[in-house]
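In what follows, a single structure is set out as C-alpha cells and then discussed.
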Amino acid sequence: MSPEEEKAEEGFDLFIANRIYPEAELVFTADLKSLAQIKDEALVVLDTNALLVPYSIGKESLDQIQQTYQGLVSLQRLVIPGQVAREFAKNRASKIGELFQQLNRKRNIPGLQKGKYPLLESLEEYQQVLRLEKTIDKHLRGYKEAIDTVLDRIREWSWDDPVSLLYSELFGENVVFDPQFDEDEIQTELGRRQLHQIPPGYKDSAKDDQGIGDLLIWYTILKLGKSKKQSVIFVSGEQKADWWHRSEGQALYPRYELVDEFRRHSAGQTFHIAQFSRFLDLYGVSASIVQEVREEEMKQSAELALVGEFIRKWKTFEQTLLHLYRQIHPDASERWMPVQRMARALYKKDAISNDLGTLIAELNVTIAHLGAELF
Numbered sequence: 014m015s016p017e018e019e020k021a022e023e024g025f026d027l028f029i030a031n032r033i034y035p036e037a038e039l040v041f042t043a044d045l046k047s048l049a050q051i052k053d054e055a056l057v058v059l060d061t062n063a064l065l066v067p068y069s070i071g072k073e074s075l076d077q078i079q080q081t082y083q084g085l086v087s088l089q090r091l092v093i094p095g096q097v098a099r100e101f102a103k104n105r106a107s108k109i110g111e112l113f114q115q116l117n118r119k120r121n122i123p124g125l126q127k128g129k130y131p132l133l134e135s136l137e138e139y140q141q142v143l144r145l146e147k148t149i150d151k152h153l154r155g156y157k158e159a160i161d162t163v164l165d166r167i168r169e170w171s172w173d174d175p176v177s178l179l180y181s182e183l184f185g186e187n188v189v190f191d192p193q194f195d196e197d198e199i200q201t202e203l204g205r206r207q208l209h210q211i212p213p214g215y216k217d218s219a220k221d222d223q224g225i226g227d228l229l230i231w232y233t234i235l236k237l238g239k240s241k242k243q244s245v246i247f248v249s250g251e252q253k254a255d256w257w258h259r260s261e262g263q264a265l266y267p268r269y270e271l272v273d274e275f276r277r278h279s280a281g282q283t284f285h286i287a288q289f290s291r292f293l294d295l296y297g298v299s300a301s302i303v304q305e306v307r308e309e310e311m312k313q314s315a316e317l318a319l320v321g322e323f324i325r326k327w328k329t330f331e332q333t334l335l336h337l338y339r340q341i342h343p344d345a346s347e348r349w350m351p352v353q354r355m356a357r358a359l360y361k362k363d364a365i366s367n368d369l370g371t372l373i374a375e376l377n378v379t380i381a382h383l384g385a386e387l388f
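Numbering-wise, the sequence shown is residues 14 to 388 according to the numbering used here.
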C-alpha cells in the first residue's frame, strides 16, 4: 500500500490547509510583532527544558535567574503550564543523577602508578620523586574525601536542592496554570495532528506518551491567549523539532501554523519561542551569564545532534531490515511492524544469527528510550 493510499484509508483530509489557515487573507495582513516589541507586556511561559538548565550552571547565574523570575512574578507575567510542572518532577532526578555521576567519576581517578627501584635510592633526584609521590597521594586522598562529602550532600537532597528551593519560593498557584481538558478530545486531536503533520507533537509519536505532553502544553498556551488576550513568549530549547522552522540544523523561528493558531485564539496577539539564553538576554541578564547558559545550550544541542544522527541511521537500518523481511515474506503487510518481530522471523529463516537478533532487539529498546528522553 502506497503512502497516499494509507493516508486515504486513515481518513486524511485533502482540504487540511483550509483547517490550518481558515483566514487566508490574514496570512498576509496579520499584525505580528517582534520579540523586542512584546517583551514588556507578554506572558512568559516556561518549558521543562528551561526549568532544568539551572542544574548545569553556577550560583551567580542562578541568582540572576531568580531576580529575573521575581520581576515577572511580581507583574503576574510568568506562567508554568501544569504539564511542564509534571515533566519537571519526572526529569529533575535525572539531572541531579547526571551531576552525581560526573562527580563520582572524578572521585574514581586512579592513584599514581608507583614502583620500587632500589638501584636509584642513592640518587637525591629519585628521593625527590618519592617525596612528591607521597605528597600527591596525600592530596589525592583529601580530594576524594572532599568529593565523598559532596556526594553525601547530594544523596541527602530531597526537594531541597538549590534549584528546587528557588522554585518553591517563586512558583505558587499564581504561576502554575493547569487547566483541565477533555482527555478523549485531546487524544482525538493528537491523532489528527499526527496524521496531517500539524505541530506540535506529531514528531513525538515514538515517545511513551506519543507526543501528548507537547499538545497539552500547547493547549495551555492557547487557553492563556484566549483568556488573557496577551502575547506569549514560550521559553524553550531547540529540542522541540516540530515547533521550529529549521535550516542547516538550526532553529530559525516558530512554525507558522503555531503562530497563526495562537493569533486566532488570542484576538490577534503574537506568539514567539525563545531559547533560555535569548530570554535572559532579552530581560537584561549580564552578558557573562547569558554566555554561560548559551554554552550549556550548545553542548546539549551537540549531544542531541549526535543522538539524533544515531537514531536516523537506526531508522535506515530498520527500513533495510523490513525490505529483507518482505523478500522472505512477500505476502507480508505493507504496514510497519515491530523490529523485534522482524528479527525473530529472519532468525528462523537463518537470515541473521540469534546473537544479531538479540542485539537488534536490545538496540531498539535503547533507541526508543533515547528518543523518549531527548526529543
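Note that the Cβ used here is the ideal one computed from N, Cα and C, for glycine as well.
R259 carries a strand assignment under DSSP once its states are collapsed to helix, strand and coil. Relative to P267, the option among D150, D255, P67 and D165 whose CA is nearest is D255. The beta-bridge partner set that DSSP reports for F284 consists of V245. The segment 76-118 contains, as complete beta strand (DSSP E) runs of 3+ residues, the segments 91-94 (chain order). Apart from sequence neighbours up to five positions away, the residues of its chain that approach R259 with a beta-carbon distance below 7 Å are L265, ordered along the chain.
The C-beta distance from I302 to Q77 rounds to 5 Å, short enough to fall under 8 Å. Counting C-beta pairs closer than 8 Å gives three or more between the segment 33-48 and the segment 279-289, which meets the contact rule. Secondary structure at A159: helix, using DSSP grouped into helix, strand and coil. For the 8 Å CB-CB criterion, E274 and L235 form a contact. Between P94 and I230 the beta-carbon gap is near 5 Å, inside 8 Å, which marks them as a contact.
Separation of D197 and E305 (C-alpha to C-alpha, rounded to the nearest whole angstrom) is 43 Å. The segment 82-101 makes no contact with the segment 121-129, as fewer than three CB pairs between them are under 8 Å.
Under DSSP, L59 shares a beta bridge with V248. Looking only at A55, S87 and L295, the smallest Cα-Cα distance to E182 is reached by S87.
In the assembly as shown, F101 is a buried residue. Its beta-carbon has 16 or more other beta-carbons within 10 Å.
For the options L208, Q313 and S107, the alpha carbon positioned closest to that of D26 is the one of L208. A residue is called buried once 16 or more other Cβ atoms fall within 10 Å of its Cβ, and T233 is buried on that count.
In this structure L48 touches A287 by the C-beta definition: roughly 6 Å separates them, less than 8 Å. Counting only the Cα atoms, K108 lies some 11 Å from L64. One alpha carbon belongs to L335, the other to P343, and they sit about 11 Å apart.
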